[in-house]
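Counting in this note's numbering, the sequence shown runs from 1 upward without gaps.
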Amino acid sequence: MLPGARIGRDCNVCDGAFVEGGAVLGDNVTVKNGVLVFTGVTCEDDVFLGPNVLFTNDMRPRSAIKRGPEALMSTTVRRGATLGAGAVVVCGTEIGEHAFAGAGAVITGDVPAHAFVVGNPARQKGWVCACGVRLDETLTCPECGTRHERLAEGGLRAV
């Protein structure tokens, strides 16, 4: 971790992870081995970053052009979201609360709350509960019984 990085309480940052100055990790964030979290990335509380998750922060990188922090784009991972092993998050995106990106997903746009996304580029394949189980067609969790409703902005919330 570099100076200027903000790390919350009870975080688990594993071997080989890099958290750059200007990055923010909330409370109870898990950062598995080999994760790269750069300036401008904010992970709220209870986020899980699987092994080798990679965030970007410059949409137009050039070795010969040195851009300051004001030119970097931010990314926000909302409370309770999970990014599977090897996921790549292109800067300027927001990943909604309790969203779940499968291993190897390449996230190039916003991900709604409770969405389950996979692939390159990541596409939504369904919905997940806060407990991590895929929701059925009635948006009810078959494991914990939590019901969900659609939000106007496209995601879900538990009711």
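Glycine residues also receive a C-beta, built at the ideal position from the N, C-alpha and C atoms.
Coarse secondary structure for residue i, derived from DSSP in three states
i: residue 71; result: helix
i: residue 158; result: strand
i: residue 126; result: strand
i: residue 101; result: strand
i: residue 225; result: Past the boundaries of the shown model lies residue 225; the chain is included only from 1 to 159, so the question cannot be answered.
i: residue 36; result: strand
i: residue 82; result: strand
i: residue 2; result: coil
i: residue 133; result: coil
i: residue 108; result: coil
i: residue 160; result: Residue coverage of the chain in this structure runs from 1 to 159, which leaves residue 160 outside it and unanswerable.
i: residue 53; result: coil
i: residue 140; result: strand
Residues that DSSP places opposite residue i in a beta bridge
i: residue 30; result: 12, 48
i: residue 76; result: 42, 94
Supposed close pair residue i, residue j - CB separation, criterion 8 Å
i: residue 76; j: residue 108; result: Their Cβ separation, rounded to whole angstroms, is 15 Å, which puts residue 76 and residue 108 out of contact at 8 Å.
i: residue 33; j: residue 51; result: 5 Å
i: residue 123; j: residue 96; result: 15 Å between Cβ atoms; not a contact.
i: residue 117; j: residue 105; result: 6 Å
Start and end residues, beta strand (DSSP E) containing residue i
i: residue 116; result: 115-118
i: residue 41; result: 41-43
i: residue 148; result: 148-150
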